[in-house]
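Each residue of the sequence shown is one higher than the last, beginning at 2 in the working numbering.
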Amino acid sequence: MSDTPRRPRKPAKPYRRPQKDPVRILAFDALRAVDERDAYANLVLPPLLRKAREKGDFDGRDAALATELVYGTLRRQGTYDAIIAACVDRPLREVDPPVLDVLGLGAHQLLGTRIPSHAAVSATVELARVVLGDGRAKFVNAVLRKVAQHDLDAWLEKVAPPYDEDPEDHLAVVHSHPRWVVSALWDSLGGGRAGIEDLLDADNERPEVTLVARPGRATTEELLREEAAVPGRWSPYAVRLTEGGEPGAVDAVREGRAGVQDEGSQLVALALANAPVEGPDTKWLDGCAGPGGKAALLAALAAERGAVLLASEKQPHRAGLVAKALAGNPGPYQVVAADGTRPAWRPGSFDRVLVDVPCTGLGALRRRPEARWRRRPEDLDGFAPLQRGLLRTALESVRVGGVVGYATCSPHLAETRAVVADLLKQFPQTELIDARPLLPGVPALGEGPDLQLWPHLHGTDAMYLALIRRTA
């Protein structure tokens, strides 16, 4: 037996329970819902925030931070994934999705906010201990300490290929868009580096909340009395809440006399309503009315002229949302649950027809940043038959001398001009109307006769509109 004295053991560190941070736990829960259930953050986040407020866990600053963490992480996911990939020793596909969500939250705090590096790392590791366990928290700690060694610009120098070697991949990494989306948007813009970079930057900006005062029910003057409210840029019915105001706190919104509606959507409805028609102007149709924003504005405009709007929506639950949006309209209207490609009305029944068709949603990436990671190029093939079918029905539904508006919240040429060109060939007794003069004062609408709105040029979603008159 050895006479060597044993060294006294260091006392073990007492186990410390991880501290629960309600803000970061809520942000993590929202990201998991987006990933696991294909949910949209703009639908998931509000009820989570409301519940946190009711429990007394949150104040206004907490809600603002949670919102920034969720949307910032989703918008910059592609950039952060490229940086995280440079800091781990395995392909990202082999990292569990919940771990990636925590790492994304940490990367955003380090590279996209003013939170001090030590606080960003410690808070994210503490979150990992709560939601992932101590073992994986150590992995999170090791990765984030590597991320913290450089700022965002230095990381982009390391992980993005040079522009001169691969322009599309460079833009994809730097501006956090899938490469195929960068390519499609660039084609729609018509070339030039400055324009595409401005657009991609605008997609990563948090959009203002825009309200619409529904004619005959509310006025912009009433809405402008709200705190931090300013007039819209282009629509006479638009009011912007410049400091992220809560629409639900606005009396006119709660009462349905006003609504939340992007100014691009308002302009599409206004252009159709202002288009010249030959003959009577008493019957209007919204052939894809859900969830009801454009239908509510069109119905109010129709009522001012003694016209009636029929709002048609295929999905019954969405038809219910349309009915709710139109409730209280100052004039007559009707809502039906009907398939727009198998109409419940006779051909040639309407003077004006709007079809805002289902699409990839590439024009609304500011508001739904997760859509850029969810969509695939093959999705275009899935939407194509429906888009053409809806426009075909619209052209059959309008009378001679009437006007059809084909709209989509995507600037992708396969969903805009390609669809219109195909249907004009099938309906030679039609003509395109120049839509641009119908939005006086709105600049840079394109070469015409159709029009294209852009986030970086107009501060709206990238809405497309073609106006088609039936000539025979």
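Ideal Cβ positions, reconstructed from N, Cα and C, are used throughout, including at glycine. On a predicted model such as this, the values are computed, not experimentally measured, just so you know.
Please state whether DSSP places residue i in a helix, a strand or coil.
i: Pro232; result: strand
i: Gln453; result: strand
i: Thr361; result: coil
i: Asp287; result: strand
i: Leu133; result: coil
i: Thr431; result: strand
i: Thr114; result: coil
i: Val210; result: strand
i: Leu145; result: helix
i: Val254; result: helix
i: Leu355; result: strand
i: Gly447; result: coil
i: Val420; result: helix
i: Leu1; result: The shown model of the chain, from 2 to 473, leaves out residue 1, and the question about it has no answer.
i: Leu32; result: helix
i: Gln267; result: helix
i: Gln388; result: helix
i: Gly107; result: helix
i: Asp1; result: Limits of the chain in this structure are 2 at one end and 473 at the other, which puts residue 1 out of reach.
i: His151; result: coil
Find the nearest neighbour of residue i within the set the options, judged by alpha-carbon distance.
i: Leu128; options: Ala320, Asp22, Ala473, Arg369; result: Asp22
i: Ala463; options: Asp423, Pro348, Cys360, Asp152; result: Cys360
i: Arg76; options: Ser177, Leu49, Ala31; result: Ser177
i: Glu209; options: Leu200, Thr243, Ala239; result: Thr243
i: Ala239; options: Arg255, Ser118, Val261; result: Val261
i: Cys289; options: Thr394, Ala214, Ala53, Gly307; result: Thr394
i: Leu254; options: Lys325, Leu106, Ala31; result: Looking at the sequence itself, residue 254 is Val, so the reference to Leu does not match. The shortest Cα separation from Val254 among Lys325, Leu106, Ala31 belongs to Lys325.
i: Gly307; options: Asp451, Glu314, Val183, Trp285; result: Trp285
i: Trp181; options: Leu396, Arg376, Ala408; result: Arg376
i: Glu279; options: Gln335, Ala320, Arg353, Gly294; result: Arg353
i: Ser266; options: Gly257, Glu256, Gly293; result: Gly293
i: Glu264; options: Pro47, Leu44, Gly460; result: Gly460
i: Gly491; options: Thr409, Trp346, Thr125, Pro98; result: Outside the modelled stretch of the chain, which goes from 2 to 473, sits residue 491, for which no answer is possible.
i: Val141; options: Leu454, Val126, His151, Gln150; result: Val126
i: His119; options: His171, Leu104, Arg146, Val336; result: Arg146
i: Lys56; options: Val336, Ile197, Leu27, Gly449; result: Leu27
i: Val323; options: Asp287, Trp346, Thr342; result: Asp287
i: Leu70; options: Leu101, Leu32, Arg368, Pro333; result: Leu32
Can you name the residues that DSSP bridges to residue i?
i: Gln551; result: Nothing can be reported for residue 551, as the shown portion of the chain is limited to 2 through 473.
i: Phe140; result: Answer by DSSP bridge pairing: none, since Phe140 is not bridged.
i: Ala274; result: Partner(s): none; Ala274 has no beta bridge.
i: Tyr465; result: Thr409, Gln453
i: Ala67; result: Answer is none; Ala67 lacks a bridge partner.
i: Gly260; result: Val213
i: Val404; result: Arg353, Arg470
i: Val399; result: Phe351
Please report the straight-line C-alpha distance between residue i and residue j, rounded to a whole angstrom.
i: Tyr164; j: Ala445; result: 27 Å
i: Asp36; j: Pro19; result: 25 Å
i: Thr283; j: Arg215; result: 19 Å
i: Lys315; j: Gly349; result: 20 Å
i: Tyr72; j: Glu95; result: 24 Å
i: Ser398; j: Phe351; result: 6 Å
i: Ser3; j: Gly134; result: The predicted model places Ser3 with a pLDDT of 48, which falls under 50 and marks its position as unreliable, so this point remains unresolved.
i: Leu153; j: Ala473; result: 59 Å
i: Leu273; j: Leu66; result: 40 Å
i: Pro344; j: Gly329; result: 26 Å
i: Glu166; j: Pro99; result: 34 Å
i: Arg418; j: Val183; result: 18 Å
i: Pro331; j: Ala304; result: 6 Å
i: Ala185; j: Gly362; result: 13 Å
i: Leu49; j: Glu256; result: 23 Å
i: Glu228; j: Asp340; result: 42 Å
i: Ser313; j: Leu112; result: 46 Å
i: Ala301; j: Arg54; result: 36 Å
i: Gln78; j: Leu391; result: 34 Å
i: Val144; j: Leu104; result: 8 Å
i: Val137; j: Asp97; result: The question names Val, yet the displayed sequence has Arg at residue 137. Each residue's Cα considered, the two are about 10 Å apart.
Rounded to whole angstroms, how far is the Cβ of residue i from the Cβ of residue j, which I believe are closer than 8 Å?
i: Ala161; j: Val174; result: 4 Å
i: Val231; j: Arg241; result: 5 Å
i: Ile434; j: Ala276; result: 6 Å
i: Leu299; j: Leu225; result: Actually they do not touch by this definition, with Cβ atoms about 23 Å apart.
i: Arg471; j: Gln430; result: 7 Å
i: Val404; j: Leu468; result: 6 Å
i: Ile85; j: Val24; result: The pair is not a contact, with the Cβ atoms about 22 Å apart (cut-off 8 Å).
i: Thr74; j: Leu46; result: Not quite, the Cβ-Cβ distance comes to about 12 Å (not below 8 Å), so this is no contact.
i: Gly107; j: Val122; result: 7 Å
i: Asp204; j: Pro456; result: 6 Å
i: Ala42; j: Glu371; result: 6 Å
i: Ala422; j: Leu381; result: That pair is no contact at about 15 Å.
i: Ala259; j: Val213; result: 6 Å
i: Leu311; j: Gln335; result: 5 Å
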